[in-house]
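Keeping their order, the protein sequence lines are chains A and B.
So for the first sequence, full-length UniProt numbering puts the first residue at 1; every next one is plus one.
So for the second sequence, full-length UniProt numbering puts the first residue at 1; every next one is plus one.
Quick reminder that beta carbons are idealized off the backbone N, C-alpha and C, glycines included.
Some notes on the structure that comes next.
There are 2 protein chains.
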Amino acid sequence: MRIGELARRSGLSRDTLRFYERQGLIASRPGTEATNSYRDYPEEALITLDQIADAQAAGMSIADLAMLMGQLQAADPDGFDGEAFLDARIAEVEARITRAERFLESLRQARAALAATPVLR
Amino acid sequence: MRIGELARRSGLSRDTLRFYERQGLIASRPGTEATNSYRDYPEEALITLDQIADAQAAGMSIADLAMLMGQLQAADPDGFDGEAFLDARIAEVEARITRAERFLESLRQARAALAATPVLR
DNA sequence: CAAAACCATGGAGTTGAGTCAACGGTTTTC
DNA sequence: GAAAACCGTTGACTCAACTCCATGGTTTTG
């Protein structure tokens with residue numbers, strides 16, 4: 001599909017998609033018509049984009065994501081310690097979720113307190 | 001306590017603390033000695049700072065936090081709908097945690113796959 | 001008592017993650 | 001067959017959240 005369709009279906013802007021592509025998070029091919037320079041994005045890009053949103057919600061930076069997507073499935077070419085990298089990310093995400101849940105709890109308490117307060121004193 | 005001690009005990013830089021204070025997230029008083037302009041931070045600032053970290057892990061912006069801390073406990077002065085604001089934040093944080101947990105799960109699977117792979121094919 | 005360590009203020013600079021504008025070309029649609 | 005809608009490329013711009021630097025004072029410490 002072309003970038004406009006991917007934008008519509010993913011809910012992201014064309015600029016954001018191009019930005020992600022420059023960062024190596026999604027990929028495209030040259031497209032069939034030889035007359036133009038339009039690129040073709042595969043259907044799976046939608047899945048990838050959803051995973052990117054998950055990762056960002058977990059606090060991952062785009063640089064980390066690119067590292068994960070590039071280095072990790074690339075059969076571990078050089079002396080890159082994928083296990084250590086993954087272990088570190090996992091610990092980070094766990095800590096972040098714990099903190100977020102603690103915050104959610106206090107939000108809920110604030111909400112309950114507000115609901116219990118009569119409108120005028 | 002003075003800003004240096006707060007920095008040491010919170011693990012944040014003095015600059016960050018001053019930045020948070022400008023944004024209205026923490027407060028200080030003029031301090032007792034009249035000869036200098038050093039400010040005095042209360043013990044509770046440490047708790048507040050920890051809550052700020054929780055909130056940030058949950059994806060809250062500093063502007064939202066300032067809104068929460070200012071508007072919400074300020075007895076709802078004008079026509080600000082605290083309940084709607086809180087409900088919106090709660091929904092956002094819930095969604096974020098769900099996404100983060102999904103990502104954590106795929107990280108764990110990647111980790112398991114790596115562990116199961118013998119070093120040389 | 002002098003050097004080292006600390007403090008406040010102001011303003012500039014940085015980084016990550018996009019976003020916008022302008023250009024010239026290509027398809028689609030009325 | 002034009003106008004409208006789309007595309008790629010480049011480069012500048014924005015915004016949030018810090019971070020750094022310079023200046024000029026104040027405490028603490030050896």
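Within this structure, are the beta carbons of residue i and residue j separated by less than 8 Å?
| i | j | result |
| --- | --- | --- |
| Ala57 of chain A | Arg99 of chain B | yes |
| Leu65 of chain B | Leu114 of chain B | no |
| Leu68 of chain A | Ser10 of chain A | no |
| Glu92 of chain B | Ile97 of chain A | no |
| Tyr20 of chain B | Ser28 of chain B | no |
| Arg22 of chain B | Gly31 of chain B | no |
Where does residue i fall in DSSP's three states?
| i | result |
| --- | --- |
| Asp54 of chain B | helix |
| Asp64 of chain A | helix |
| Arg9 of chain A | helix |
| Arg39 of chain A | coil |
| Arg29 of chain A | strand |
| Thr117 of chain A | coil |
| Asp87 of chain B | helix |
| residue 122 of chain B | The structure shown has nothing for residue 122 of chain B, since chain B only spans 1 to 121. |
| Arg99 of chain A | helix |
| Met69 of chain B | helix |
| Gln109 of chain B | helix |
| Arg14 of chain A | helix |
| Gly24 of chain A | coil |
| Gly59 of chain A | coil |
Taking a Cβ distance cut-off of 9 Å, strictly less, list which residues of the region 84-97 of chain A are near chain B, in chain order.
For the region 84-97 of chain A, which is checked against every Cβ of chain B, the residues closer than 9 Å are Leu86, Asp87, Arg89, Ile90, Val93, Glu94, Ala95, Arg96, Ile97.
Cβ contact (3+ pairs, closer than 8 Å) linking the region 52-69 of chain A and the region 98-113 of chain B
A contact exists between the region 52-69 of chain A and the region 98-113 of chain B.
Kindly confirm or deny that the region 1-13 of chain B and the region 79-90 of chain A touch, where touching means at least three C-beta pairs closer than 8 Å.
Touching, no.
Counting only Cβ-Cβ distances shorter than 8 Å, please list the residues of the region 1-25 of chain B near chain A, keeping chain order.
So nothing in the stretch comes that close.
Under 8 Å (Cβ pairs) to chain B, residues found in the region 31-55 of chain A:
Residues of the region 31-55 of chain A with a C-beta atom less than 8 Å from some C-beta of chain B are Gln51, Ala53, Asp54, Ala55, listed in chain order.
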